[in-house]
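Reading through the structure tokens given below for one structure.
Numbering (mature numbering (1 follows the signal peptide of the UniProt record, and there is no 0)), first residue to last: -19 to -1, 1 to 178.
Next comes the structure, spelled out in structure tokens:
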């Protein structure tokens, strides 16, 4: 076998494995996002906002999330979701990795304040818990995909993240794809993607 063919084969395998790690719901590497709002930055004592704030918050959470990276990869493979997106969602929902704040319920959107519950870090170490969150997110994305079949995969991901946070009826048009939860999660996910997730 020619070395050229061998090299081309290896490049093809490497390229396909890299793209498969992106999941079925858009490519976070190519998504533009403004990052966290100034409200989120201030909540965590930052004097800045945007991508810089999202990256700083992700950086704080990264050591803790690294310990659970195998679980996120397993769940990501199960639901065809990029582990970096899962890490972005968990980072947004777990200030400093110290506890998880559940600000709502599955039926109304996880970001809507119904009942605030604080879970110790051990509560979300389980594959079951991460699977539940990821399944809810993928269901939101699929619902957006059904309602807006002409949108791109990236728009479906954005819409799914907004619906996950604000409830399924929040997204009525592509004007609703710029919610704070989505912008912050995507910026954190890009950070995690660049740091091994």
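Yeah, the Cβ is synthetic: ideal placement off N, Cα and C, and Gly gets one too.
The model shown is predicted, which means the values in this text are computed figures rather than measured ones.
- Residue 166 sits close to residue 69, with the two beta carbons spaced by under 7 Å.
- In the structure shown, residue 31 falls within a strand segment according to DSSP collapsed to helix, strand and coil.
- Restricting attention to 164, 146, 24, the CA atom closest to the CA of residue 12 is found in 164.
- One thing to note: residue 114 has its Cβ no nearer than 7 Å to the Cβ of residue 9.
- In chain order, 64 place their CB closer than 6 Å to the CB of residue 54, counting only its own chain and leaving out the 5 sequence neighbours on each side.
- Per DSSP, reduced to three states, the secondary structure at residue 16 is coil, with no helix or strand assignment.
- The secondary-structure analysis by DSSP pairs residue 53 with nothing; it has no beta-bridge partner.
- Taking a cut-off of 8 Å for Cβ pairs, the segment 140 to 154 and the segment 116 to 125 touch, as three or more such pairs fall below it.
- According to the DSSP assignment, residue 164 belongs to the alpha helix (DSSP H) that extends over 161 to 175.
- Close CB contacts of residue 6 within its chain, under the 8 Å cut and outside five residues either way in sequence, are with 61, 62, 63, 66, 119, 122, 134, 137, 138, 141 (chain order).
- Around the C-beta of residue 145, 16 or more other C-beta atoms lie within 10 Å, and the residue is accordingly described as buried.
- Residue 7 carries a coil assignment under DSSP once its states are collapsed to helix, strand and coil.
- For residue 110, the enclosing alpha helix (DSSP H) begins and ends at 108 to 128.
- Of the residues 117, 155, 111, the one whose Cα lies closest to the Cα of residue 131 is 155.
- Secondary structure note for residue 156: it is in no alpha helix (DSSP H), with a DSSP letter that is neither H nor E.
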